[in-house]
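Student: One structure coming up, written as structure tokens, with questions to follow.
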Amino acid sequence: MIMTSKISEIAFGIMSPQAIKSLARVRVVSSDLYDADGYPVEGGVMDPRLGVIDPGLHCRTCGGGIGECMGHFGYLELAKPVVHVLYTKTIYQLLRMTCRKCGRILTIPPEGKEKKPKKKTSEKTVPSRCPHCKAQQKKITFVKPYTYYEDKNELSSETIRGRFEQVPDKDLRKIGFRGGRPEWLMVTLFPIPPVTMRPSITLESGERSEDDLTHKLVDVVRINQSLKENIDIGAPEFILNDLWELVQYHISTYFDNELTGVPLARHRSGRPLKGLVQRLKAKEGRIRGNLLGKRVNFSARTVISPDPKISINEVGVPETVAKELTIPEYVTPPNIKYVKELFGLDKINYVVRADGRRIKVTIENKKELMSNLGPDWIVERQLHDGDIVLFNRQPSLHRISIMAHRVRVMPHKTFRMNPSVCPPYNADFDGDEMNLHALQTQESRTEATFLMDVKHNIISPKFGGPIIGLDLDQISGIYILTMKKTVLNREETAQLFSDAGIDIDLPDMEKFTGKEIFSFFLPKNLNIDFKAHACRNCDTCKKQDCPYDCWVIIEKGILKRGVVDKAGVGAENGKIIGRLHRLVDNENIKDFIDSYGRLGTAFLMKRGFSLGVSDLDLPDSAYKIIREEIDKSVKESHKLINQYNKRELTILPGMTQEESLEAQIMNVLASGVSRVGDIVSENIDNNDIFFMSSSGAKGSLINTTQMAAVVGQETILGKRIKRGYLNRTLPHIKPHDLSPRSHGFVSKGFKHGLTPFELFWNIMNGREGLMDKSLRTRKSGYMQRRLVNALQDLKVNYDGSIRNAHNQVVQFTAGEDMIDPSKSDWGNLDWREFIETQAG
Amino acid sequence: MNTLPLKIREELDGYFTQNRLSEEKKRDILNTVKILYAKSSYDPEEPVGVVTAQSLSEPATQMTMRTYHFAGTAGIQVTLGLPRMLEIFDARREPRTPTMTVYMKKDHQNIEDVRKIASSLREVKAKDVILSTTTDLTEVQIRCKLDTKKLASLGMDPQKVSKCVRLRNTETLVEGDELIVRPKKVDLKNLHKLKYSLLESHVKGIRGISQVVVTKEEGEWIITTLGSNLKKVFEIEGVDYTRIVSNNIFEVLNVLGTEAARNVIIKQAKYTLEEQGLGVDVRYIMLLADLMTVEGHIRAIGRYGLSGQKASVLVRASFEETKKHLTSAAIRGEKDDLRGTVENIMMNQVAPIGTGAFTLVRRLPGLAGKKEWREKPRRTAKPKKPKKTKKPAKIKKTRKPKKTRERKAKKPRKKKK
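Line by line, the protein sequences are chains A and B.
Following the numbering used here, the numbering of the first sequence begins with 1 at its first residue and continues without gaps.
Following the numbering used here, the numbering of the second sequence begins with 841 at its first residue and continues without gaps.
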């Protein structure tokens, strides 16, 4: 970026009347906005010298048009000074701290007599006699919102201003008052802001609707005018006071319309007006809403849908979007031919001539523009394949919620993405929408290419493992492919690679096992062994002799043993992907994920993958055992209830009788359900539903158990369902019934169907989940904001330390070992494996 | 070798002694590891702060709101999940469920001793040893029947109890197994209130410890408590005071100091995350804990802690309490030197972090002498190759920014002198 000037510092201070006057171009005297002809009144708050807001007009002060003239201030002379409401506390403190006679600060000892301070002088301990002129001080009280009393006599604003004028500068510096003079806190000259910051809107009816601030300013000017007139004619004190009070009120609400003890200033419609503070404050305010949250052009948003055939760092962009989004192309002698070609294809939307004029390209002017084309022109060309763009899904909780993809223009109306990039965005395809941004400068495109591209973000900085990997069907496919029994003949193999869109020279073999096919793209120096996700957690692990083929061994890039599943290639867990970044560069990891994703999908499509209710069938013998197990645990809980009723129940430490009973019943039922789970896993066929859960593609054994056998205990707040009627959960249940069936135990599986009660418990549990989710997102969202704010400017320095923006050291060595988790192996440096890989 | 972190050095030493290798081979390995380490190291200007914040809060969205869980095998309920995370980051004075894990010295590793210690830890309140109370309105006194059996098992007698139950403006008498509490002034109104404060009064054990559970973990007897009071537990005979763990950050800060408090923050945050099955690199938790404790005391993450104490006015105003920060900045005549990220975003300038931090400007080699490239209007000062060339970043030469950068770069150096 070319920077011509840079703001290096911002100073804050109080505006002096002189500054206000010198800044102002208009002295406001009239409370009228427009005259009878609808022209703005000179000396009114809409004076044309204050700036332009109407298109076509020019500023009377600087001659600039709309967008050129930033507007100019005016000022209003107040008949009596007014307290600046935002500083009422400061004024109070200053009044108490200064001598009423000589104006010195009471807590500062006179020169030459400085004693060592005995105690820290706080604002509460102000001496009652001035150490400088010995004048006796009186008690100052402050009554909200803006009245000050000295021993019960109200202090007039002139008196306060007079006292503040006496305070010497050196004293002010000592108490840390460095922003200006205290008397400036009593407003005498009131600045009228330029009209550009309070534009009026012309309604369809031709009526003008003024901004809140303008309304407020009119009030201030009007009341001030009548106060002045009343002073001039020598009106009685009480009238003057009332009017002054009113000026004070209007100016106060102009600054801040949410003051405690001040009635809200309202619009005619009853809506509270927006003061200056309200403009700045909170989420939609100027600071957070506009300065920190910037809006952009060159962006698009639409629904996303999956396309496993495109690469993970590509994004399918609909033609309609690609035609609308543009990228500036700087016409230079070397590329002028190329630009003309684009013209011919109608791929140029706008042209910026050397004189800076922006012209839309139409059929009429196309030829003319083309012939005039020359260096120093900029053409805005449409997106085409290979352009780098940013892709984002909200909420952007991560840095990997925004990544750079390569454009691929496609038909239809959705953004297409490889399902493997869903985890970092946390996206799914149930109607999610995502945003796309076309980068406008070469600098930003370069940064996106080298830092934000998906391929550079495969390893998540959160835990040092791959966040991008195969998912869902891709895993199922690879899992079934690498199973022992999968053997394909030459023709089938060739077909598979063709379906997957992979160009490969098949070795001269007649048959290929799935493991051989898998090994084709593994880097030759990969040696790894690990436990597959499908591992059944046997009591003694036989490792390489695993009867279920769950111990994966890869030697020199050849899959010797084991099935490859979530633990091998999945997102977040993929051991192979996690290891790859040490062996090959990012481009190759990307290719690896691409090819295996396509391979898995292609294989699964050929094989077919489906499930039905009959897949959940268990043998009758198994059902018998399951029923027995459930009955047994229900019986056991009844036994516990009996014991409880007889007060014979064993009480668990730190619990009451009731709590012990609940805990024990929950335990008994849970262990019953888990035994059922074991029975299900032993008896279920090796069918697709089983493959899904064992490979880690989707679902778990719990889901299978809930469908096939028993749902189990439904809970609310981690306890059995207790709420409902007095001493019972539903009106059909006897009061004080503690049995499992009346407190949310679902003894059947979804396949067999739930009783009405059971369905009710199930839905109660579901509702709790929904409530929990909405509460959680709010809480953690706020936590994130606080965390980011606290940590935002910490960075690693060249000496390896972590410091904040003001060079305060937080850690002398970043992370205590300088290892960047996003370049690590699950947070560690697996040098041993690396060396052995190199050696082997 | 010295450039490597200690852990890797130790691992290497172990590897070398395990495998007998030639000096040459050793050197080879060392070099490979050094290169690997350099490749895995942080790049300068990496915005670790933001990455830390994101890495910690993104998993928080997946945490459960379910608050309680039984800690380990012991039946002590502790706050977990998102509420506990908030508790740690907010630096609350008192956690919702303070707990301690108390270890025994080696010569006290038998069940009898441990039970004894455990029972001496537990706070006994008056209500635990009182069977029944009667409020005697005619005499204006409270009579309490004491559980003598229980007292005996605690090694107490009514006399001792009466000494413990010393309430303000009352006298305590013992009549047989009855305890009589009488206000010094006749005060019927507050007699009922008196009864409750009597029942809650401390008799024996350590204040605040309401539950103790003895368990055996890894062949060692340990006591888990609900409620925490490190100072008092240290005084108890047989307790291994070098290993006691408390989850009360402020208590650890006061008793054991800042470093210990930092460790508690790390340990607790890590435990909370891991309990939910969320893997987050420890380095991030460590950075956060370090940031919270750099000043020597604990600063919370939020309005009244870290965020409210930032040096930059604009950062503070952009977080919360905009009005307060802007007005006080004006009074003090504060200056914001725009060195942080947010300030520069507000000014629409490149923030000095990451790729925005570079102060070196280099002219493209091929274009070095060609005037026309430099002196063209600003807009066209960016020559671009046709199509999407993947050549490295072209950084243009500009004059003005260079000057400001030089000034900036010198500043810190001056300070050092």
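Where is the CB? At the ideal position from N, CA and C, for every residue including glycine.
So which residues of chain B does histidine 13 of chain A contact, with C-beta pairs closer than 7 Å?
Tutor: Numbered from its first residue, the first sequence carries residue 13 of chain A at position 13. Position check: residue 13 of chain A holds glycine in this sequence, whereas histidine was assumed. The answer, in chain order, is Ala1170 and Gly1173.
Student: Check whether chain A comes within 8 Å of isoleucine 970 of chain B, counting only Cβ atoms and requiring the distance to be less than that.
Tutor: Position 130 of the second sequence, counted from the first residue, corresponds to residue 970 of chain B. Judged by the 8 Å Cβ criterion, isoleucine 970 of chain B is not in contact with chain A.
Student: Just how far apart, CA to CA, sit threonine 904 of chain B and asparagine 765 of chain A?
Tutor: If you number the second sequence from 1, residue 904 of chain B lands on position 64. If you number the first sequence from 1, residue 765 of chain A lands on position 765. When rounded, the distance between both Cα atoms is 14 Å.
Student: Asparagine 313 of chain A and valine 407 of chain A: beta carbons closer than 8 Å?
Tutor: Taking the first residue of the first sequence as 1, we reach residue 313 of chain A at position 313. Taking the first residue of the first sequence as 1, we reach residue 407 of chain A at position 407. The answer is no: Cβ separation not under 8 Å.
Student: By how many angstroms is the C-alpha of arginine 271 of chain A removed from the C-alpha of glutamate 183 of chain A?
Tutor: For the purposes of this step, residue 183 of chain A is taken as residue 183 along the first sequence, with counting starting at 1. For the purposes of this step, residue 271 of chain A is taken as residue 271 along the first sequence, with counting starting at 1. Rounded to whole angstroms, glutamate 183 of chain A to arginine 271 of chain A spans 34 Å at the Cα level.
Student: Report the rounded CA-to-CA distance for threonine 1181 of chain B versus isoleucine 1193 of chain B, giving the unit in angstroms.
Tutor: Against the second sequence, residue 1181 of chain B aligns to sequence position 341. Against the second sequence, residue 1193 of chain B aligns to sequence position 353. Cα to Cα, threonine 1181 of chain B sits roughly 7 Å from isoleucine 1193 of chain B.
Student: Please list, in chain order, all residues of the same chain as glutamine 811 of chain A whose beta carbon is under 6 Å from its beta carbon, the five residues on each side excluded.
Tutor: Taking the first residue of the first sequence as position 1, residue 811 of chain A is located at position 811. Answer for glutamine 811 of chain A: Ile802, listed in chain order.
Student: Buried or exposed: serine 774 of chain A, going by 16 or more other Cβ atoms within 10 Å of its Cβ?
Tutor: Translated into positions along the first sequence, residue 774 of chain A becomes position 774. Exposed, because fewer than 16 other Cβ atoms sit within 10 Å of the Cβ of serine 774 of chain A.
Student: Roughly how many angstroms separate the alpha carbons of lysine 1110 of chain B and isoleucine 1138 of chain B, rounded to a whole number?
Tutor: Your numbering for residue 1110 of chain B matches position 270 in the second sequence. Your numbering for residue 1138 of chain B matches position 298 in the second sequence. Between lysine 1110 of chain B and isoleucine 1138 of chain B, the C-alpha separation is close to 18 Å.
Student: Mapping DSSP to helix, strand and coil, what is phenylalanine 929 of chain B?
Tutor: Working through the second sequence from its first residue, we reach residue 929 of chain B at position 89. Reduced to three states, the DSSP call for phenylalanine 929 of chain B is helix.
Student: Use the C-beta contact count for phenylalanine 1074 of chain B: other C-beta atoms within 10 angstroms, 16 or more gives buried, fewer gives exposed.
Tutor: As a working note, residue 1074 of chain B is residue 234 in the second sequence. With fewer than 16 other Cβ atoms within 10 Å, it is exposed.
Student: Hey, is phenylalanine 530 of chain A's beta-carbon within less than 8 Å of any beta-carbon in chain B?
Tutor: Position 530 of the first sequence, counting from 1, holds the residue named residue 530 of chain A. No, its Cβ sits nowhere closer than 8 Å to a Cβ of chain B.
Student: Whose C-alpha, out of A/Lys413, A/Gln93 and A/Val564, is nearest the C-alpha of methionine 692 of chain A?
Tutor: Position 692 of the first sequence, counted from the first residue, corresponds to residue 692 of chain A. The shortest C-alpha separation from methionine 692 of chain A is found at A/Val564.
Student: Flag asparagine 392 of chain A as yes if its beta-carbon sits less than 8 Å from any beta-carbon of chain B, otherwise no.
Tutor: For the purposes of this step, residue 392 of chain A is identified with residue 392 of the first sequence, where counting begins at 1. Chain B contact via Cβ: absent.
Student: 8 Å is my cut-off, CB to CB: does leucine 1039 of chain B come that close to chain A?
Tutor: As a first step, residue 1039 of chain B must be located in the second sequence, where it is residue number 199. No, leucine 1039 of chain B does not count as interfacial toward chain A.
Student: Tell me the residue span of the alpha helix (DSSP H) that contains histidine 1165 of chain B.
Tutor: Position 325 of the second sequence holds residue 1165 of chain B. Looking at the DSSP string, the run of the alpha helix (DSSP H) that includes histidine 1165 of chain B is 1162-1172.
Student: Could you tell me which uninterrupted beta strand (DSSP E) segments, each at least 3 residues in length, are contained entirely in the segment 1068-1124 of chain B, listed from first to last along the chain?
Tutor: The segment 1068-1124 of chain B contains no whole beta strand (DSSP E) run of 3 or more residues.
Student: Between which residues of its own chain and proline 935 of chain B is the CB-CB distance below 7 Å, once the five residues before and five after are set aside?
Tutor: Translated into positions along the second sequence, residue 935 of chain B becomes position 95. If we look at proline 935 of chain B and ignore the five residues flanking it on each side, its Cβ neighbours are Thr919, Glu927, Asn1087 and Asn1088.
Student: For the candidate residues B/Leu852, B/Val1079, B/Trp1061 and B/Val1005, whose alpha-carbon lies nearest to that of isoleucine 970 of chain B?
Tutor: Residue mapping note: residue 970 of chain B aligns to position 130 of the second sequence, counting from 1. Measuring from the Cα of isoleucine 970 of chain B, the nearest candidate turns out to be B/Val1005.
Student: Alanine 1140 of chain B and aspartate 987 of chain B - do their beta-carbons sit closer together than 8 Å?
Tutor: Counting from one through the second sequence, the residue named residue 987 of chain B turns up at place 147. Counting from one through the second sequence, the residue named residue 1140 of chain B turns up at place 300. No; because the gap between Cβ atoms is not below 8 Å, this pair is not in contact.
Student: Using three-state DSSP, classify histidine 132 of chain A as helix, strand or coil.
Tutor: Mapped onto the first sequence, residue 132 of chain A falls at position 132. The answer is coil: DSSP assigns histidine 132 of chain A none of H, G, I, E or B.
Student: What does DSSP give as the partner residues of leucine 189 of chain A in its beta bridges?
Tutor: Residue mapping note: residue 189 of chain A aligns to position 189 of the first sequence, counting from 1. DSSP, once it has assigned bridges, lists A/Glu77 as partnering leucine 189 of chain A.
Student: DSSP has alanine 300 of chain A in a bridge; who is on the other side?
Tutor: Stepping through the first sequence from its first residue, residue 300 of chain A is reached at position 300. BP columns for alanine 300 of chain A point to A/Leu436.
Student: At what residue ranges does the segment 305-365 of chain A contain a whole run of the beta strand (DSSP E), taking only runs of 3 or more?
Tutor: Complete beta strand (DSSP E) runs here, min 3: 314-318, 326-330, 348-352 and 358-360.
Student: Any beta carbon from chain A within less than 8 Å of alanine 1101 of chain B's own beta carbon?
Tutor: Residue numbering aside, residue 1101 of chain B sits at position 261 when the second sequence is read from its first letter. Closer than 8 Å: no.
Student: Counting beta carbon pairs with one atom in the segment 480-494 of chain A and one in the segment 585-596 of chain A, are three or more of them shorter than 8 Å?
Tutor: No contact exists between the segment 585-596 of chain A and the segment 480-494 of chain A.
Student: Expressed to the nearest angstrom, what Euclidean distance is found between the alpha-carbon atoms of proline 109 of chain A and aspartate 171 of chain A?
Tutor: The residue you call residue 109 of chain A lines up with position 109 of the first sequence. The residue you call residue 171 of chain A lines up with position 171 of the first sequence. Roughly 10 Å between the two C-alpha positions.
Student: Which value, in whole angstroms, describes the spacing of the CA atoms of arginine 49 of chain A and glycine 275 of chain A?
Tutor: Locating residue 49 of chain A in the first sequence gives position 49, counting from the first residue. Locating residue 275 of chain A in the first sequence gives position 275, counting from the first residue. Their Cα atoms are separated by approximately 23 Å.
Student: Look up threonine 1055 of chain B in the DSSP assignment and give the residues it is bridged to.
Tutor: The residue you call residue 1055 of chain B lines up with position 215 of the second sequence. Answer by DSSP bridge pairing, in chain order: B/Ile1062.
Student: Are the CB atoms of valine 796 of chain A and proline 884 of chain B nearer to each other than 8 Å?
Tutor: Indexing the first sequence from 1 puts residue 796 of chain A at position 796. Indexing the second sequence from 1 puts residue 884 of chain B at position 44. For valine 796 of chain A and proline 884 of chain B, yes; Cβs fall inside 8 Å.
Student: Going along the chain, which residues of the segment 763-790 of chain A sit with their C-beta nearer than 7 Å to a C-beta in chain B?
Tutor: Those would be Asp772, Leu775, Arg776, Thr777, Lys779, Ser780, Met783, Gln784, Arg786, Leu787, Val788, Asn789 and Ala790, in chain order.
Student: So what does DSSP say about methionine 655 of chain A, is it helix, strand or coil?
Tutor: By one-based count along the first sequence, residue 655 of chain A stands at place 655. Reduced to three states, the DSSP call for methionine 655 of chain A is coil.
Student: Straight-line CA distance for lysine 1224 of chain B to alanine 404 of chain A?
Tutor: The residue labelled residue 1224 of chain B in the question sits at position 384 within the second sequence. The residue labelled residue 404 of chain A in the question sits at position 404 within the first sequence. With a pLDDT of only 48 at lysine 1224 of chain B, under 50, the local geometry of the prediction cannot be trusted, and no value is derived from it.
Student: Mind listing the chain B neighbours of aspartate 256 of chain A? Cutoff is C-beta to C-beta under 8 Å, in chain order.
Tutor: Your numbering for residue 256 of chain A matches position 256 in the first sequence. Ordered by position in chain B, the residues that pass the 8 Å Cβ test against aspartate 256 of chain A are Lys1163.
Student: Consult DSSP for asparagine 727 of chain A and reduce its assignment to one of helix, strand or coil.
Tutor: Numbered from 1 along the first sequence, position 727 holds the residue referred to as residue 727 of chain A. Reduced to three states, the DSSP call for asparagine 727 of chain A is coil.
Student: Using only the alpha-carbon positions, how far apart do lysine 340 of chain A and methionine 370 of chain A sit?
Tutor: The count along the first sequence starts at 1 and reaches residue 340 of chain A at position 340. The count along the first sequence starts at 1 and reaches residue 370 of chain A at position 370. Rounded to whole angstroms, lysine 340 of chain A to methionine 370 of chain A spans 7 Å at the Cα level.
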